[in-house]
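First up is the structure itself, then whatever we jot down about it.
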Amino acid sequence: MTTNVQGTTARTTPAGKKAGGAGRFGAAAALHALLMVGAVLMFLPFLWMVLSSLKTTAQIYEIPLSWIPDPLTFEGYARIWEAIPMIQGFANSFLIAGSVLALNLLTCSMAAYAFARLDFPLRGPLFILFLATLMIPFQATIIPIFLIMVQLGLVDNPLSIILPNGLFQALGVFLLRQFILGLPRELEEAAIIDGANRWTIYWRVILPLIRPGLAAFGIFAFLWNWNDFFRPLIFLTSPENWTLTLVLNQLRGQYATDWTLVMVGSTIVVLPILVIFVIFQRQIIEGIATTGLK
1 MTTNVQGTTA
11 RTTPAGKKAG
21 GAGRFGAAAA
31 LHALLMVGAV
41 LMFLPFLWMV
51 LSSLKTTAQI
61 YEIPLSWIPD
71 PLTFEGYARI
81 WEAIPMIQGF
91 ANSFLIAGSV
101 LALNLLTCSM
111 AAYAFARLDF
121 PLRGPLFILF
131 LATLMIPFQA
141 TIIPIFLIMV
151 QLGLVDNPLS
161 IILPNGLFQA
171 LGVFLLRQFI
181 LGLPRELEEA
191 AIIDGANRWT
201 IYWRVILPLI
211 RPGLAAFGIF
221 AFLWNWNDFF
231 RPLIFLTSPE
241 NWTLTLVLNQ
251 LRGQYATDWT
261 LVMVGSTIVV
271 LPILVIFVIF
281 QRQIIEGIAT
291 TGLK
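Quick note, in the UniProt record's numbering, the sequence shown goes up one by one and the last residue is 294.
So this is what it looks like as structure tokens:
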């Protein structure tokens, strides 16, 4: 009897393993297929934008819809520099997005280090209160911030966007704090033994170790401010201070819109983000994956 049971078990176990392996393979294949469909759906609008930038306005309105421009035309890429002040928009966008990025990386990493490593009264409740600000829509804070900027005389000045966005970013503090919590304390203890103070530990020990986290957060911080339309619309009134998003809005006509120029401008605006992502994609992916494990 025992021999028969053992024989049956021996005969059925490999089949069970094969069935389990086939099930896992099927689930993985279905997941990858779903992700591929999602990737295609996300990519199609971008592809349509780029291809439409190579069409004439008449081709964009053609029915039935034609994806491939026939013939290809780069006329829009020549006309847009005369239609709107793209160079000035680029300069203003880089100034605001770059300044906010630098302030975010400095202030968020310092606050994250304080919440992760320093012992001070009410550290836990203060951190929870800090995170609670993520629940407040930024549209709800725009009026108080605007009134403060009026009192400071900073309306229609890039600083009216740089200071509020650069000095307060709860999400960045949370992400970098999670990253710092995963670092071994022995490194800091060794630095203390060597005579390092808290500032030296932060600057020479912590910052080099959280570079992947800084890269991951930095690209998103730059992207948020590069694409921002609402805040520049509220705070910047002079055309010479407008960012790219406001400059592109000039292409919208009251009765008609040149969609070729709109697609050309949108394609040009996206290019810096693509270049940054291609250059730093390894650090970004590593930072996101590592932060998620903390």
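The beta carbon of each residue, even a glycine, is placed where N, CA and C say it ideally should be.
Measuring alpha carbon to alpha carbon, tell me which of the options ends up nearest residue i.
i, options, result
"Ser53", "Ile285, Val262, Asn165", "Val262"
"Leu183", "Thr267, Pro164, Ile161, Leu207", "Leu207"
"Arg274", "Arg252, Phe230, Trp226", "According to the sequence as given, residue 274 is Leu; it is not Arg. When each option's Cα is compared against that of Leu274, the closest is Trp226."
"Val50", "Val40, Pro69, Ala58, Arg177", "Pro69"
"Leu187", "Tyr202, Leu176, Arg123", "Tyr202"
"Gln281", "Pro158, Pro64, Ala216", "Ala216"
"Phe74", "Glu62, Lys55, Phe179, Arg204", "Lys55"
"Ser160", "Leu106, Arg204, Gln250, Arg231", "Arg231"
Taking only three categories from DSSP, how would you classify residue i?
i, result
"Val275", "helix"
"Asn197", "coil"
"Ile80", "helix"
"Ala114", "helix"
"Gln283", "helix"
"Arg123", "helix"
"Phe74", "coil"
"Gly265", "helix"
"Ala97", "helix"
"Trp242", "coil"
"Thr260", "helix"
"Ile68", "coil"
"Pro85", "coil"
Taking residue i and residue j to be in contact with their CB atoms under 8 Å, please state how far apart those CB atoms are, rounded to whole angstroms.
i, j, result
"Ser66", "Leu176", "Ser66 to Leu176, Cβ: 48 Å. No contact."
"Leu105", "Leu214", "6 Å"
Contact between the region 258 to 277 and the region 76 to 84: three or more CB pairs below 8 Å? yes
How about the region 162 to 176 and the region 220 to 233: do they share at least three Cβ pairs that are nearer than 8 Å? yes
Any chance you could list the alpha helix (DSSP H) runs of at least 4 consecutive residues sitting entirely within the region 18 to 64, in chain order? 57 to 60
Do the region 156 to 170 and the region 95 to 104 touch if we need at least three Cβ pairs shorter than 8 Å? yes
Contact between the region 143 to 160 and the region 231 to 247 (3+ Cβ pairs under 8 Å): yes
Three Cβ pairs or more, each shorter than 8 Å: is that satisfied between the region 83 to 91 and the region 242 to 256? yes
Tell me, please, whether the region 105 to 118 touches the region 180 to 198 by the rule of three or more beta-carbon pairs shorter than 8 Å. yes
Take every Cβ of the region 263 to 272, pair it with every Cβ of the region 39 to 57, and state whether three or more of those distances are shorter than 8 Å. yes
If we require 4 or more residues per run, which alpha helix (DSSP H) segments fall completely within the region 153 to 232? 159 to 167, 170 to 181, 185 to 193, 211 to 226
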